[in-house]
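These notes are about the structure you will find just below.
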Amino acid sequence: MPKIRWRMIVPQLLVIGVTMTVLFGTLQRPACLANLACVGRGVGITAVFLLITLPLISLYTIDQLLKPLLPIAAAMRRLANSETRATLLLPGEGEIGEMARAFNVMAGQLSSRIENLAEERQQLDTVLTYMADGVLIVDAEGFVQLNNPAAFRILHSRQAMIGRSLAEVVRHHQLIALWQRCQRTGREQVEAVEIGRDLFLQAVITPFPHREGFLMILQDLTQVHRLQTVRRDFVSNVSHELRTPLASLRAVVETLRDGAVANPMVADRFLERAEVEVETLTQMVEELLELSRIESGQVPLKLEKTAVSHLVLIPMDRVRSMAQKKEVELILDLPARLAPVLADPGRMQQVMTNLLHNAVKFTPSGGKVTVGAEQNRQRQQVTIFVQDTGHGIPEEDLPRIFERFYKSDRARTRGEGGTGLGLAIARHLVQAHKGQIWAKSREGKGSTFYFSLPISQ
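Here the sequence shown is numbered in this note's numbering, starting from 3 and rising by one per residue.
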């Protein structure tokens with residue numbers, strides 16, 4: 003800072019020098035040299051002049067020196083208030099200029115670091131927001147410091163989590179015990195947790211290595227668990243469905259081998275029975291293969307603009323004789339003006355035939371089966387429904403009736419025939435049309451099956 007010191011000292015030295023020059027010039031006069039009073043007066047006046055002048059000069063000099071520092075102070079305040087663009091116009095050379103240049107370099111580096119941190123924070127927020135797994139950060143006392151939206155969904159929480167205790171947020175003793183074990187041992191804990199009948203979680207809790215606190219990750223395995231259940235049920239159901247016709251075929255073969263083949267009438271009856279069982283097995287295998295092709299997207303759809311009436315009239319004709327034999331009334335109730343849909347007519351007629359066949363099959367004599375449709379312009383879709391007055395479906399079975407081989411109340415439906423694959427095929431065909439299929443039912447009152455198709459533009 004030598005230049006600043008000289009800028010403060012030089013003006014005062016100049017004043018002192020000029021004053022002393024004037025004083026000595028005055029004292030050199032013969033009149034003053036002979037008059038001590040004159041000398042004393044001159045010295046006194048000089049001293050008073052210096053006492054008044056030097057502070058004023060010092061104040062002025064300090065003011066001139068501090069004036070360039072004011073923008074720097076203001077820029078520092080802006081920087082402290084998180085203004086990343088706080089820069090200075092260079093005031094010139096010297097220490098102040100060097101200070102301004104150093105400040106601009108510092109502000110630029112700080113701005114770059116803040117922007118990088120903000121970008122990283124935004125990326126982290128995006129990752130946390132769209133993660134399927136729930137994330138919680140808990141401090142050493144067990145209070146939640148951070149959570150993502152998935153944690154709300156998985157834990158079914160409707161209140162803010164941050165600042166609340168883990169026990170209040172989670173409310174599941176298994177997860178609390180897992181966190182306490184992690185806190186006690188200081189090691190990562192991983193455990194599958196079953197919460198009630200509807201929630202299965204994989205919980206991972208690990209302590210932070212360089213700070214107090216814990217990271218909790220909750221992975222929702224409910225869908226995986228459900229698929230495993232479906233797989234187990236599928237194997238069980240396939241075994242059951244194959245066992246019955248195979249046992250019947252075995253009985254036929256054994257009967258014929260025991261001598262029934264010698265009696266033409268008895269042999270024909272058993273061969274007819276064997277033929278029925280073979281047809282059942284063949285149909286089951288064909289439907290399994292078709293379902294596999296549909297699920298893997300190997301069945302191309304021939305989508306075209308189609309009238310809803312074209313999708314329902316042909317299937318109704320197919321089941322009419324069956325309905326007449328059971329004395330079940332078929333009713334068509336379509337609105338007068340109904341927008342055409344975008345569909346593969348053959349595939350949608352297959353869906354309708356299956357729904358109508360089931361409706362007639364499970365409707366007792368004297369009942370009714372109604373086919374109708376509703377249009378929703380706002381959603382740009384048409385909903386077709388098949389309503390019966392049959393036995394109805396138990397509420398607990400409704401979520402699973404579209405699974406392969408799933409049959410509601412097997413004891414009652416065992417004699418009704420069918421492979422148990424029709425609704426599974428119907429679901430995949432409707433979904434391939436970008437539609438939805440669902441059912442509503444009341445036991446003893448009947449069932450209604452709905453499926454939606456997009457309106458043709």
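Note that CB positions come from ideal geometry on N, CA and C, so glycine has one too. Every value quoted in this text rests on a predicted model; they were computed, and no experiment measured them.
Close Cβ partners of residue i (< 7 Å) along its chain, the five nearest in sequence each way excluded
i	result
F272	V254, T257, L258, A262
M267	none
Q204	A194, Q221, L223
P317	Q351, M354, T355, L358
G417	Low confidence applies here, because G417 scores a pLDDT of 43, under 50, leaving its location unreliable and the question unanswered by this model.
T282	P247
T372	I333, D335, Q389
R349	L303, L431
R412	In this prediction, R412 scores a pLDDT of 43, lower than 50, which makes its location untrustworthy; the coordinate-derived value is nonetheless stated afterwards. Within the same chain, R412 has no close Cβ partners at all.
V362	V321, M324, A325, K328, V330, V371
E297	H430
Exposed unless 16 or more other CB atoms sit within 10 angstroms - verdict on residue i
i	result
Q383	buried
H393	buried
H430	buried
S241	exposed
M163	buried
L157	buried
M286	buried
L423	buried
T246	exposed
N360	buried
G299	exposed
D200	exposed
D335	exposed
H212	exposed
L293	buried
G188	exposed
E397	exposed
R186	exposed
E243	buried
L112	exposed
R168	A small fix is needed here, since residue 168 is Leu in this sequence, not Arg. L168 should be labelled buried.
G165	exposed
I116	exposed
A153	buried
V172	buried
T120	Reading the sequence as shown, one finds Ala at residue 120 and not Thr. Burial call: exposed.
G448	buried
V314	buried
V310	buried
Cβ shell of residue i (< 8 Å), same chain only, five flanking positions each side left out
i	result
T131	N150, P151
T450	F387, V388, Q389, D390, A441, K442, S443
C184	E190, Q191, I207, T208, P209, F216
V146	L138, I139, V140, M163, I164, G165, R166, S167, L168, V171
D260	none
Closest residue to residue i among the options (Cα-Cα distance)
i	options	result
H312	I395, L344, F451	L344
S367	P337, P342, V330, G110	V330
A325	R295, V206, T365	T365
A341	R322, R186, P456	P456
T231	R339, F202, E306, L244	F202
V301	L112, A142, E122, I427	I427
L425	E445, I403, G437	I403
K304	R379, H435, E122	H435
Q176	E243, S167, I197, Q161	I197
L290	E376, D346, R406	R406
E214	V226, G369, A375, D141	D141
Q377	K363, T284, A338	A338
A179	D270, G144, A309	G144
T308	E288, D346, E274	D346
P401	E288, V314, R228	R228
D127	V107, L148, S114	L148
Cut-off 6 Å between Cβ atoms - residues of its own chain near residue i, not counting five sequence neighbours on either side
i	result
L251	A276, E279
V432	I439, F453
R320	T355
M446	For the record, residue 446 in the displayed sequence is Gly; it is not Met. Cβ within range, chain order: G394.
T385	E376, Y452, S454
#### Entry: Cβ contact (3+ pairs, closer than 8 Å) linking the region 212 to 219 and the region 136 to 150
yes
#### Entry: Complete runs of the alpha helix (DSSP H) confined to the region 96 to 158 [at least 4 residues]
Those alpha helix (DSSP H) runs which fall completely within the region 96 to 158 and span 4+ residues are 96 to 132, 151 to 157.
### Task
May I have a chain-ordered list of the alpha helix (DSSP H) segments no shorter than 4 residues that lie completely inside the region 208 to 280?
224 to 259
### Message
If we require 3 or more residues per run, which beta strand (DSSP E) segments fall completely within the region 338 to 381?
### Response
343 to 345, 370 to 378
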